[in-house]
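**Student:** Structure below; questions to follow.
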Amino acid sequence: MDPVIVVGAGPVGLTLALALARQEVPVVVLDEGPGKEEPRPARTVVLREDTAALMERLTGVPLAGAGIRWRGWRALRRRQVTREVVFDDAGPAPVHVAQHVLTGALRAALAGQPLAHIAVDSRVDAVEQEPAGVTAHTRGPRGTWWRGSYLVGCDGLRSTVRKLADIRFPGRTAVERYAVAALRAELPWDNEAVLHRRPPWRTSGPSAGEVCARPLPDGVWRLDWLLPPGKDLVTPELLVTRIRETLAGWAGGSTPPYDLLDTGVHIVHHRLARRWRTGRVFLAGDAAHCLGALGTHGLEEGLRDADNLAWKLASAWHHGPREALLDSYQTERRAAVAARLRAADQVLPLLRGGRGLRAVVPGAGRGHDALLADGHLGRGPVGEPGTYADSPLAPPEPLEGEVPVDTPPGAPVADVPVTAEDGSLVPLRDRLGRGALLVVLVAPGTTVWAREHWMSAGLMPRLAAAVTALPHHAELLVAEEYPGAAAHTVLLVRPDGHLVTAFAGVRPAGLYAAAEAAIGGAAGSGADTGAQTQADAGAGAR
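So in our numbering, spot 395 of the sequence shown is number 480, and the numbers just go up one at a time.
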């Protein structure tokens, strides 16, 4: 069978390609560039715990070493600290890493995959589909035709794949603008990210705004200044003035020494593609959506796109397409991103719209600070990643023996220690991304015995037989405990780490029904939908 074609060699495209190769799917990455990313210290990525774990699992690189894990978060308004979070007490810390470092780690890991190939200097200019596959043409020194089973456009905001598929990309341009600088300096915080609103050295005018400082390794900081609406140029003189007055304000006097490493302007757009799938062509990352206002991190959603799509394409490549499974990528991911875009669009007028009545309402400032912290820290309606509560891959009706746990169906599971089939004790997240469903039995006390002693005891033989009979390959794991789960609870987890459901004890019929739903229903289901999608694709591909 032909490889999957990934168009674009940014973090999202490389993540998808690596995830597919790890599931024994051949993949070709069409990179319009020379195969290297220019180091840009001012272009960085903030990753939540789940996406950082995904990157570490795929690359084998500890991101806390490649980047920096924040000790805390601090929000200031004028001279007052309005919010402070210490991550040792408040949960896992975000990881801040330069994007070129992350991309380099992904490229290095992909280079070690025999099923993966990166074609550099290869810009796509045509895509054609037929029922059995998809063909892409590239121009340039290595211009040629590439044949694939599926094609995924991870080629950014101005996606050629999206345009060739004739997919609309409505939304808003320049929702927010930031001047950005990366510099080496000593700031009065130790590995803490800081958001300073209305700093006292800028007391009036539309540029009073806010500045955010995020630490990087080796004493480097990324500073972002919110710019007033409009298209005024950010000149070098303006940026140096901002740097000097900000550092002097934080130092309480004159400007301390600093080494300016990189500068830029970050423009935030809010857009959402109408469709994310057209036949055998899919969109992911900035090609499918753009967000990032109020401190939210759009690249994270692109990495979640790749994680969601990889196991579904791998299943289609190895076992034949279940159209309901492939269609669920758009349904799940588009709804999750749309919810965050709606939340940001609702909050933006409140936080950015002039003084008016809101400015004098008691407590309004604290509420604004909390909303901004949600965006920066990946919490609340603005920053929290979406769950797949209404997923088409959920069981269509309640199943006998289902019980609630602290993780709702469709949400990412907690990363508890589990005993794997080889007897090793590993984090649950280490077993994700292999294309297998995970069946987790909560059995307190089992870790004091070797696995071979309890595999034949109690309910284990019946559960093992039920797992073997599932309609998709599954791995049986055992956990001492799971949040909100009683002893002998059995959890069914998707290959991307989202909970399908949980049962009280061994329920072979219910487990089979839930597993079948999680892989898109019975083989051949959704064929009519897929055929219609394929027919719709023809015009867009030509």
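For every residue, glycine included, the Cβ atom is placed at its ideal position computed from N, Cα and C. Bear in mind the structure is a predicted one, so any value in this text is a computation, not a measurement.
What number of angstroms, rounded off, separates the C-alpha of A193 from the C-alpha of P88?
**Tutor:** 20 Å
**Student:** From A550 to G520, what distance separates their C-alpha atoms?
**Tutor:** 20 Å
**Student:** What are the partner residues of L526, as DSSP defines its beta bridges?
**Tutor:** V563 and V575
**Student:** In the DSSP assignment, find the beta strand (DSSP E) that holds H202 and state where it starts and stops.
**Tutor:** A201 to A204
**Student:** Suppose you measure from the CA of R163 to the CA of A428; what does that come to, to the nearest Å?
**Tutor:** Rounded to whole angstroms, the separation of the alpha carbons of A428 and R163 is 26 Å.
**Student:** Pull up the distance between the alpha-carbon of D173 and that of T229, whole angstroms please.
**Tutor:** 53 Å
**Student:** Of the choices K397, T574, D515 and A602, whose alpha-carbon is the least far from that of L555?
**Tutor:** A602
**Student:** From S339 to A378, what does the alpha carbon distance come to, in whole angstroms?
**Tutor:** 32 Å
**Student:** Curious, which full-length beta strand (DSSP E) runs of at least 3 residues does the region 326-404 contain?
**Tutor:** 343-357 and 366-368
**Student:** What three-state label does DSSP hand V446 in the structure shown?
**Tutor:** Note that V446 scores 40 on pLDDT, short of 50, meaning its location in the model is unreliable; the coordinates nonetheless yield the value given after this. Coil at V446, not helix or strand.
**Student:** For L510, which residues does DSSP report across the bridge?
**Tutor:** Bridge partners of L510: T504.
**Student:** With DSSP as the reference, identify every bridge partner of L435, one or two as the case may be.
**Tutor:** Answer is none; L435 lacks a bridge partner.
**Student:** Evaluate Q108 with the Cβ neighbour count: other Cβ atoms within 10 Å of its Cβ, from every protein chain shown; 16 or more gives buried, anything less gives exposed.
**Tutor:** It counts as buried.
**Student:** Among L478, C239, T531 and L522, which one has its Cα closest to the Cα of T504?
**Tutor:** T531
**Student:** Within 10 angstroms of the Cβ of D684, are there 16 or more other Cβ atoms? Answer buried if so, exposed if not.
**Tutor:** Residue 684 lies beyond the residue range present for the chain, which begins at 86 and ends at 627; the question has no answer from this structure.
**Student:** Does the beta-carbon of D135 have 16 or more other beta-carbons within 10 angstroms, so that it is buried, or is it exposed?
**Tutor:** buried
**Student:** Please return the same chain residues whose Cβ sits closer than 7 Å to the Cβ of G290, not counting the five positions on each side in sequence.
**Tutor:** For G290, the predicted structure reports a pLDDT of 47, less than 50, and the residue's modelled location is therefore unreliable. A value from the coordinates is still provided. So no residue of the chain qualifies.
**Student:** Going along the chain, which unbroken runs of the beta strand (DSSP E) with 3 or more residues stay wholly within the region 95-128?
**Tutor:** If only uninterrupted beta strand (DSSP E) runs of at least 3 residues are considered, those enclosed by the region 95-128 are 112-115.
**Student:** If I follow the unbroken beta strand (DSSP E) through A698, where does it start and stop?
**Tutor:** Since the first residue shown for the chain is 86 and the last is 627, residue 698 is missing from the structure and cannot be characterised.
**Student:** Under a three-way DSSP split, which group does Q415 fall into?
**Tutor:** helix
**Student:** Quick check on R360: buried or exposed, where buried means 16 or more other Cβ atoms within 10 Å of its Cβ?
**Tutor:** buried
**Student:** Where does H403 land, buried or exposed, given buried means 16+ other C-beta within 10 angstroms?
**Tutor:** Label assigned to H403: exposed.
**Student:** Let's see if you can read the secondary structure: which residues bound the alpha helix (DSSP H) around T245?
**Tutor:** T245 to L249
**Student:** With a CB to CB cut of under 7 Å and the five nearest residues on each side skipped, what residues in its chain are close to A94?
**Tutor:** V114, D116, G118 and I203
**Student:** Which of helix, strand or coil does DSSP assign to D210?
**Tutor:** strand
**Student:** Nearest-angstrom Cα distance between H351 and R224?
**Tutor:** Rounded to whole angstroms, H351 to R224 spans 30 Å at the Cα level.
**Student:** Using the rule of at least 16 other Cβ atoms within 10 Å of the residue's Cβ for burial, across every protein chain shown, is M86 buried or exposed?
**Tutor:** Its Cβ having fewer than 16 others within 10 Å, M86 is exposed.
**Student:** Can you give the Cα-Cα distance for W231 and R365, rounded to whole angstroms?
**Tutor:** C-alpha separation (whole angstroms): 14 Å.
**Student:** In whole angstroms, what is the alpha-carbon distance linking L562 and P199?
**Tutor:** 29 Å
**Student:** Between T331 and P341, what straight-line distance do the alpha-carbon atoms span, to the nearest angstrom?
**Tutor:** 10 Å
**Student:** By how many angstroms is the C-alpha of V212 removed from the C-alpha of A250?
**Tutor:** In this structure, the alpha-carbon of A250 lies about 8 Å from that of V212.
**Student:** Verify whether the separation of the beta carbon atoms of A127 and A267 is less than 8 Å.
**Tutor:** yes
**Student:** Assuming E566 and V527 are in contact, meaning their beta carbons sit under 8 Å apart, how far apart are those beta carbons, in whole angstroms?
**Tutor:** Contact between E566 and V527 is confirmed by a C-beta separation of about 6 Å, below the 8 Å threshold.
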